[in-house]
Every structure is written in C-alpha cells, then in structure tokens.
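Here the working numbering is used: the first residue of the sequence shown is 113, the next is one more, and so on.
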Amino acid sequence: MKKVKIAGCSAGWPDMLDPAIDVAKKSDVQYLAFDHLAELTMAILERQKAKRPDRGYIPDVIPLMRNILPAWKEKRFKMVTNAGGANPEQCAEEVIKLAKGLGITGLRIGIITGDDLPIERVKELKAKGLKFKNYDNDEPDIDRVMDDLVAAYVYIGADRVIEALDQGADLVIAGRLSDNSLFVGPFMYELGWKYEDAYWDRIGAAVCTAHLLECGTWSCGTCSNFWAEVPEPWHSGSPICEMDENGESIISKVEGSGGLVRADTLKEHLVYEVHDPENYLMPDGIGNTTAIKLEDIGPNQVRVSKLGDKPRGKPRPDTLKFCLAHADGYISEYIMIVPGPKAYDMAKRCEDFFYKRLEIVGVKPVETLVSFIGYNALFGPTAPPINYEPNELGIRFAIKTKTIEEARQARLQATLSWYAAGVGTAFGAPSEREVFALWPSLIPREEVPTKLEMREVK
C-alpha cells in the first residue's frame, strides 16, 4: 500500500525554528511543510514590500533553509512553504543565493503566484458586478472601505503544488497558499488522488488530517489544555504524519523530542478554528471532522482513521476565501503597574485620570479599552467583582483613533496617568501605529488564475 510521510514544521510567524531543523536532521520524512501566515500577516508583508521591493516574504525562511538545506542535500526530502507571503519570487531568489553560498546545486524550486490580487484587479472585479460581502458583520460590499484597501489576497488550493511536484520541485514556495493545502498537495500527489468523485472521501480525510498538522508543535502539546502533562515543551517535536492511500494515518514525533502526541492533544486541535464540524471548507475539499476517529496506539503515536460510515469529504467549494485588508485608523498603547496596598483603588483612579485628560486635550477616540492585568484583562466585563487585595495590578491603556496625531496625544495622556496615584513602575508599548482591519469575503475560484514558475540552483 502506498504511503507518504510528512511533518508539520511551523505554526506561524514567528515560531520556534529548532523543531523543524530536528525533523530535517533526525527523521525519515519525505516532506516538510511550513505554514507561516495568519490572516493579517499578508497586509504587514504588503506594507514591507511597498517600502522595499526586496521584502514582503517571511524572513525566517533564511535561517530555516540555512540549517535544513545541508540535510536536504543528504536526504533529498521535499519542502512546501507559504513563506513567499507577498513576494514569492524574491523569497525564492534569496533561497537561491543562500543555497549557492552553501555550495548546494540541483535544488529545484517551484514558485507559485497569483493569490495576491492588486487593488486594481479588485476594482475590475467590482466593475464586472461582483460583490464582496463581509462575513463577519454581513456588510454587503466593500464600497465603504474601497479607498482604504492596502492588500487583497486569496487562500489558494494545492493545484499548483501538485503541478510543481510533478515537475520535480524539491522546494515549493507560495504566497497565501492555504495552511491546509501545504499538506493536501503532497498527500494527493504521492497517493495519486485527483479532484474527482472517486477521491473526495479521501481528500476530505486529508483535509481533516492536515488540520491536525498545520500548526506544528501545537498538536504535540504546546498551546494545550493539557499543558501540565506535557514534558519539555521548550523543545517540542513537530507532528509527523504517515498517511496511506485510504486516507488513514499515524501521527507521531521525532524520537527524544519534547512535547506530547496523544489523542487528547489532537482532538483539541481538530476542533480549533472549525465552525461547522461536518463541513470544514478548504480550497481542496470539504472535510467532515465528525467522521474522524483518533486513538492512542502507543507512546506518542495516534492513529487517525474513519469513524463509521459517514463520508469524510465532499467536493471542493466553487468559491475561495478572500481577505481584504484596509486601513482603519491608529492605535496606541501604554502599560503601568501599581502596587498594593489598595492596588485596585489606585488602578481605578488612574483610569479616571486618563479619561478626564482625554476630555481636556480634546481627543475623541474611536474606541478605548482600559483593563487591569491580573483582574479583567482577559475576562473583561464578565470578570466577577474583585474580592481580594492584590499585591499589584497592571493597567493597560489601548486607544484607537482616526488620526495618528490623536493616537500620539492619547498615548501621552496614558503616560501621564501615573500622576494619579503611587505607581510602582511603567513602561511603554510600541509607538502609535496604523491599524489594518480584515474584511473576510469569498471570491469565485475561476477569478483567481495562479501561475507556476520553475527555477533550479546551478
């Protein structure tokens, strides 16, 4: 029976680099997959690229490849990454320079582009009559923020990954390639699956399994409710999946690494970011997480198999996730710490001082949030009344404004709020900065033609 072994080597940017390097050096995987992107990362990368055309990709790819390429030279595994971000071509160019500097030749790189839509292209689609509903607030179209758009990108599927692998790519570099597709592409290519009726059940299984792998060490007990049981998470292993041609797999990690692979740690990740468990919509297919069975079969080994007779997958959607980022004002932050006794009373006094100062200087925030770290910074208004005398409390001031001048003035008033009481210490957060808001929408698949370019290190 055909099988393929792939490791999930990154959860985002930034992330620990050594788990991926350990996989490359110490395991027998055929593929390393790296997910570096979150929803607003692309907007950040677009701004970096606008300032410097040779930027816009994930810089972590360089130290990763510096440590991994020597292992690739020996083992010849394949790698798939979305570290290209807003500039896959430049990312590939930097990897080529690095490889040459390491004396490595013969590395074939597939570069996938087309997911990053220029704002002019968005305007063209609007002119064709397309509407881009905001699926967070049900606003029917983007007219209100059209002039403030800074980035528009589509979560693309594994089509070009499969094509690149078929053309002999050792490393595939893409932009906003879906987290899931980093894994589904190699699964489909190696196991001979097609986007056809005969394979949707297995592709659905791959979609669900990819969801277990895409956040790297998270499936090995980092960021886990079982944190107290996880050994040595500071050098956690990355999840390694061996999948067979029926879509069933075994997940493990590098021998001797930290972390914990257990059905429990995988189950909590299986439901992470899933709105409808029976319809987990991804570019390559629709997964049914309720048709997946997870069972421990040994230390740090979990079998992922089919549960009952329910189908694990359905055909891929006609639309793709489309994220538009738009400028949305400015934010400033400040934190101070007040000591006991009467830390809560002092914190309230500082809060009152801050709001009165905003009135005096004429700042009219769009939003403000003053929270007390150690009391309601996470629970907000749902926190029960404080019924103890804290040793100390942190006060976090967060202010959103329409202009950068107001943001600067608001931050100054937050700084001055320590005049109100016996503050123990204070420290500044990053300076006032522009806010990018996310407009989540959908776009017809056919409106997003992607391209593949092959290059080789010589």
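Backbone N, C-alpha and C fix where the C-beta goes; we use that ideal spot for every residue, glycine too. Nothing here was measured: the structure is a model prediction, and the numbers come from that model.
In the DSSP assignment, find the alpha helix (DSSP H) that holds residue i and state where it starts and stops.
| i | result |
| --- | --- |
| His-323 | 312 to 325 |
| Glu-380 | 375 to 382 |
| Val-234 | 231 to 239 |
| Glu-517 | 516 to 528 |
| Ala-132 | 130 to 138 |
| Val-273 | 271 to 278 |
| Ser-293 | 293 to 303 |
I'd like to confirm the pairing. Which residues does DSSP put opposite residue i in its beta bridges?
| i | result |
| --- | --- |
| Met-458 | Note: Met-458 sits in no beta bridge, so no partner. |
| Trp-551 | Leu-436 |
| Ala-538 | Met-448 |
| Ser-417 | Lys-405 |
| Pro-556 | Thr-431 |
| Ala-204 | Bridge partners of Ala-204: none, in fact. |
| Tyr-442 | Thr-513 and Glu-546 |
| Ala-263 | Ala-437 |
| Thr-225 | Lys-563 |
| Glu-504 | Pro-451 |
| Leu-289 | Ile-268 |
| Arg-469 | Answer by DSSP bridge pairing: none, since Arg-469 is not bridged. |
| Ser-348 | Gly-370 |
| Arg-590 | No statement about residue 590 is possible, as the shown extent of the chain runs from 113 to 570 and does not include it. |
| Lys-426 | Ile-398 |
| Gly-410 | Gln-413 |
Shorter than 7 Å from the beta carbon of residue i to some beta carbon of chain D?
| i | result |
| --- | --- |
| Arg-374 | Going by chain labels, chain D is absent from the structure shown, which holds only one protein chain. |
Report yes if the CB atom of residue i is closer than 7 Å to the CB atom of residue j, and no otherwise.
| i | j | result |
| --- | --- | --- |
| Gly-213 | Ile-170 | no |
| Gly-452 | Asn-503 | yes |
| Leu-432 | Val-416 | no |
| Pro-351 | Ser-331 | yes |
| Leu-481 | Ala-510 | yes |
| Ala-459 | Asp-408 | no |
| Ser-529 | Phe-466 | yes |
| Pro-395 | Ser-293 | yes |
| Val-386 | Val-450 | no |
| Gly-226 | Pro-561 | yes |
| Met-300 | Ile-268 | no |
| Val-141 | Met-177 | no |
| Trp-312 | Gly-399 | no |
| Val-547 | Ile-443 | yes |
| Asn-179 | Leu-149 | no |
| Gly-486 | Leu-505 | yes |
| Leu-181 | Ala-211 | yes |
| Cys-320 | Thr-401 | yes |
| Gln-413 | Leu-470 | no |
| Ala-549 | His-438 | yes |
| Val-366 | Ser-122 | no |
| Gly-333 | Gly-371 | yes |
| Ser-364 | Val-373 | yes |
| Phe-539 | Ile-472 | no |
| Asp-282 | Lys-190 | yes |
At what residues does the beta strand (DSSP E) containing residue i begin and finish?
| i | result |
| --- | --- |
| Lys-563 | 563 to 568 |
| Thr-480 | 479 to 485 |
| Leu-490 | Segment: none, Leu-490 is in no beta strand (DSSP E) and carries neither H nor E. |
| Lys-115 | 115 to 120 |
| Glu-354 | 352 to 356 |
| Met-394 | 392 to 394 |
| Val-284 | 283 to 285 |
| Gly-397 | 397 to 399 |
| Ser-361 | 361 to 364 |
Just list the alpha helix (DSSP H) runs in the segment 144 to 199, keeping only unbroken ones of 4 residues or longer that don't cross its boundaries, in chain order. 153 to 163 and 173 to 187
Is it a yes or a no for the segment 322 to 329 touching the segment 136 to 147, going by three-plus beta-carbon pairs under 8 Å? yes
Mind the definition here: the segment 348 to 365 touches the segment 113 to 130 only if three or more C-beta pairs lie below 8 Å; say whether that holds. yes
Pair every Cβ in the segment 338 to 350 with every Cβ in the segment 295 to 307, then say whether three or more of these pairs are closer than 8 Å. no
Tell me whether the segment 254 to 263 and the segment 150 to 159 touch, counting them as touching only if at least three CB pairs, one residue from each stretch, are closer than 8 Å. yes
Answer yes if the segment 286 to 300 comes into contact with the segment 214 to 228, meaning at least three C-beta pairs across the two stretches below 8 Å, and no otherwise. yes
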